[in-house]
Structure formats: structure tokens, C-alpha cells
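What follows is a short report on a single structure.
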Amino acid sequence: MIRKVQPIVTIILGAAIYAFGLTYFVVPHHLFEGGATGITLITYYLFKIPMSLMNLLINIPLFILAWKIFGPKTLYSSILGTVALSGWLAVFEHIPLRFDLQDDLIIVALVAGVLLGVGLGIIFNAGGTTGGSDIVARILNKYTNISIGKLLFSLDFVILMLILIIFQDLRLVTYTLLFDFIISRVIDLIGEGGYAGKGFMIITQYPDELAKMINEELCRGVTFISGQGYYTKKDLKIIYCIVGRSEIVKLKDMIYRLDPQAFITITEAHEILGEGFTFKRNIIQKS
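Residue numbers (the numbering used here): 40 to 326.
This is the structure in C-alpha cells:
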């Protein structure tokens, strides 16, 4: 029961930290963001549409589309993250609070970057997202040969260029790039969810069963590596697979459920090229 509730509480906490940084540090100093949050900020600055409302209006059609393409199973955590973010934004919008940083935008960018990075890092580690660009990138990745990482960068870049065209303030966009960089570094430091992916090396009593679960539940490829135990001289099937940052906790939980005694090593995967990340499955099959 605790294992089921903990990710929910963690995602809600991460959303609270992210919304806090957005409301009290990004908005008062008219900074921006990439992705769906960037669109939310544009509409708030121009038309004073509440961010809590706009966040939902942007994500609802995206979730409906993703629901039809991917099915409901992979979207629950993302929906929770999006709803939690809008909920916290609605709360903070009614709580007047001001931090006197003497309009020093470097300090503002640093504080905002740390808060948003911590919030997103916590959400990613719990297997969730805040919707928006993540959903769009997953949909585009399904129908193109472009990796999710490159798609996310492209979407953020397009939004920032749109912001530059609308507001014509290169100074604020530059500070936005600074705190976006800080966000990415903080997410890296949060832990397992911080990198583009992780490589799992798994020794288990049930390699075939686990491989099937990984393939069916995470839609990730699995490689068997032949090995032999030094002491037992027993032949082993060692599982090797790469997963995305939001799938790390799911895979750990999957292994724990099947074999609590499994031996696992996790390595950083900074650049991932191949099926499921940069190549489409159906193109590989046709070739």
C-alpha cells in the first residue's frame, strides 16, 4: 500500500515546489520558460489568464490525443503531475507573497532554476511528468525518427523564439536560458531521473519472465548476456536494457516485485542511439 501511495505523494510534492518557484520567482520578474509552461506564461503576461487554468487548457487536448495513441496505462502519472501543478498554481495565486531579491536577475535565475529543477527532478524520479512538451515529444517521436531529447530541445527553442518575437526582450530571454540551464543541472543532481537514460544490468532467477515484463509493460528492448557465476559455475542469463528517466522507478519496482533478491547495477547513459530512442520500431522491422 505504501509503495503505491508514495509515488503519488512525491509527484504532488514535486509539483508544489515547481509551482512555488514559478509563482513567486519566475512570474514577478517576468522571466519565461520553454514548452507548455512558456505558452502558459505568454498568455498570463499578455491577457492575465490564470496559469492554473491555462495549464489545464493546454494539456487536456494533448492528453486526449496521447490517450488514443498510447492508451491510458502510460499516462496516469503524467495526468497526476499536470493536475497537481494546476492545483498548486491555483493555491499560490491566492497567497500574496514577495521575496525581496532587489531585482537582481542573476540571483532570481539561480533561485528559480534550483526550485524548478528540484520540483521537476522529484516528479521525474517518481515516474511522472508535468505533461505539455513531454506529451508532444512522445507523440512526434512515434511518427518520426527524431529522439525525444532532440524533440524536447526543439520545442523549447521554438517557444523561446516565439517569446523573443512577441516581447522583443533579449535580456530576459537570456536570463531565462540561464535558469533553464540551472534547471537541467539540478535535475541531474537529484538522482536517478536526472540523465537521458540509465543502463540496467540485472542478474535474476527469472530472466525470461523479467524480460517479458520489461518488453510488455515498458515497451523496451532487452538483451541477454551470457555469464557464469564464479563460485557456483552456473551459467547465467544477464539482462541488459536501457530505459528513459521517467521509467527508472517503474523498472526498479518491477524487478522488486518479481525477484527481491535480484542483483542490479545501474549506469549512466548520456547518449542513447537505437531502437526506442532514435529509431522507429516499425522502420527497423521493415529493413
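Even glycine gets a Cβ: it sits at the ideal position worked out from N, Cα and C.
- Distance between D274 and A301, taken at the CA atoms: about 16 angstroms.
- F59 has its alpha-carbon roughly 21 angstroms from the corresponding atom of V212.
- Note that the C-beta distance between A105 and I178 is below 8 angstroms.
- Annotated as proximal: K181 and I108, with beta-carbon spacing under 8 angstroms.
- A Cβ-Cβ separation of about 7 angstroms places T215 in contact with E72 under the 8 angstroms criterion.
- In this structure, DSSP gives E307 an extended state, which the three-state scheme calls strand.
- Excluding its 5 nearest sequence neighbours in each direction, I146 has C-beta neighbours in its own chain below 7 angstroms: L140, listed in chain order.
- In the structure shown, I134 adopts coil according to DSSP, grouped into three states.
- T183 counts as exposed, since fewer than 16 other C-beta atoms from the protein chains shown sit within 10 angstroms of its C-beta.
- With fewer than 16 other CB atoms across the displayed protein chains lying within 10 angstroms of its CB, I204 is exposed.
- For T262, the enclosing beta strand (DSSP E) begins and ends at 262-267.
- The region 192-244 contains, as complete beta strand (DSSP E) runs of 3+ residues, the segments 236-242 (chain order).
- Excluding sequence positions up to five before and after G74, its CB lies within less than 7 angstroms of the CB of G171, S172, L194, D195, I198, all in the same chain and listed in chain order.
- For F302, the beta-bridge partners assigned by DSSP are I242.
- Secondary structure note for Y84: its alpha helix (DSSP H) is the uninterrupted segment 74-86.
- For a cut-off of 8 angstroms, the C-beta gap from L128 to T62 is around 6 angstroms, short enough to register as a contact.
- In this model, N254 and S117 are separated by some 21 angstroms (Cα to Cα).
- At the C-beta level, I81 and I161 stay beyond 8 angstroms of one another.
- For the set H69, I51, I47, V65, the Cα lying nearest the Cα of Q207 is the one of H69.
- Between A123 and V288, the gap from beta carbon to beta carbon reaches 8 angstroms or more.
- Approximately 20 angstroms separates the beta-carbon atoms of T169 and Y84; this is outside 8 angstroms, ruling out the contact.
- Going by beta carbons, L119 and I47 fall inside the 8 angstroms limit.
- In the DSSP annotation of this structure, L140 is not part of any beta strand (DSSP E), being labelled neither H nor E.
- Taking all protein chains shown into account, C280 has 16 or more neighbouring C-beta atoms within 10 Å of its C-beta and is therefore buried.
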